[in-house]
Amino acid sequence: MANRHTIILMQASPNRATRTFMDFESITQAMGGICALYERKLKELNPAIRNLSYDIVDLYNFIDGLADMSALVYLSLSQVMILEQ
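Reminder that position 71 of the sequence shown reads as 930 in our numbering, one-by-one numbering, no gaps.
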């Protein structure tokens, strides 16, 4: 999954003004970016708690609570593959 440029498109609420994107060099970095986004939100909601913890279900619930989230992943095709198609 290395070197697969990934753009995450997201909309936090039904308000179109909340649309934004995040740009990453790989799918792995993009997944880390989504986790970091959730961690920032947790810190924002719980400023008095020094050590926050969460599990994958919490992360899934955060993602499901967004109005929209999509990923665009670049797949490089070699010229040989293009010519064969």
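C-beta atoms are modelled at their ideal positions from N, C-alpha and C, and glycine is treated no differently.
### Query
Per the contact definition of three or more C-beta pairs closer than 8 angstroms, is the segment 862 to 878 in contact with the segment 915 to 933?
Yes, the segment 915 to 933 is in contact with the segment 862 to 878.
### Query
Taking just the CA atoms, how far does Ile-908 sit from Ile-886?
About 30 angstroms.
### Query
Looking only at its own chain, which residues have a Cβ that is under 8 angstroms from the Cβ of Pro-873, when we skip the five neighbours before and after it?
Excluding sequence positions up to five before and after Pro-873, its CB lies within less than 8 angstroms of the CB of Ala-926, all in the same chain and listed in chain order.
#### Entry: Pair within 7 angstroms by beta-carbon distance, Thr-865 and Val-916
Going by C-beta atoms, Thr-865 is not nearer than 7 angstroms to Val-916.
### Message
Considering only their Cβ atoms, is the gap separating Leu-896 from Leu-911 smaller than 7 angstroms?
### Response
A distance of 7 angstroms or more separates the beta carbons of Leu-911 and Leu-896.
### Task
Can you have a look at Ile-893 and say buried or exposed, based on whether 16 or more other CB atoms are within 10 angstroms of its CB?
Classification of Ile-893: buried, given that the 10 Å Cβ count is 16 or more.
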